[in-house]
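Visitor: Numbering (mature numbering (1 follows the signal peptide of the UniProt record, and there is no 0)), first residue to last: -31 to -1, 1 to 79. The structure follows.
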């Protein structure tokens, strides 16, 4: 019984640490956070699944994915694609994006 209890405790600890590492590394690598809406003062891009990514800061925000819509809820920004093309979104404006092209970063101008 003591062996089983120790084994279960170790397994739970390893799973908890592994989950924390995965969550921590994915959030630190991203310059955006996922929300159900475009938050006040944020530059936002909507992925092809309908999720809203809010940019966390001014300047370069590395983000990788396919996005088909953008909304500048305060600041002007530029969406850069993998093929070195871009789309510009003026402050307080919205526009569609090239959802078939991979986005590599969003530059927010503050």
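Ideal placement from N, C-alpha and C gives every residue a C-beta, glycine not left out. The model shown is predicted, which means the values in this text are computed figures rather than measured ones.
Considering only C-alpha positions, which residue in the set 43, 32, 15 is nearest to residue 68?
Guide: Position 99 of the chain shown, counted from the start, is the residue given in the question as residue 68. Among 43, 32, 15, the Cα nearest to that of residue 68 belongs to 15.
Visitor: Which residue marks the beginning of the beta strand (DSSP E) containing residue 30, and which one marks its end?
Guide: Residue mapping note: residue 30 aligns to position 61 of the chain shown, counting from 1. Residue 30 -> beta strand (DSSP E) spans 28 to 41.
Visitor: Helix, strand or coil: which one does DSSP assign to residue 59?
Guide: For the purposes of this step, residue 59 is taken as the residue at position 90 of the chain shown. Reduced to three states, the DSSP call for residue 59 is coil.
Visitor: Kindly list the residues whose CB is nearer than 8 Å to the CB of residue 61, restricted to its own chain and excluding five residues on each side of it in sequence; keep chain order.
Guide: In the chain shown, the residue the question calls residue 61 occupies position 92. Only 41, 42, 43 meet the Cβ criterion.
Visitor: For residue 30, count the other beta carbons within 10 Å of its own beta carbon; 16 or more makes it buried, fewer makes it exposed. Which is it?
Guide: Taking the chain shown and counting its residues from 1, one reaches residue 30 at position 61. With 16 or more other Cβ atoms within 10 Å, it is buried.
Visitor: I think residue 51 touches residue 24, with their Cβ atoms under 8 Å apart; what is that distance to the nearest whole Å?
Guide: Looking up residue 51 in the chain shown gives position 82. Looking up residue 24 in the chain shown gives position 55. That pair is no contact at about 18 Å.
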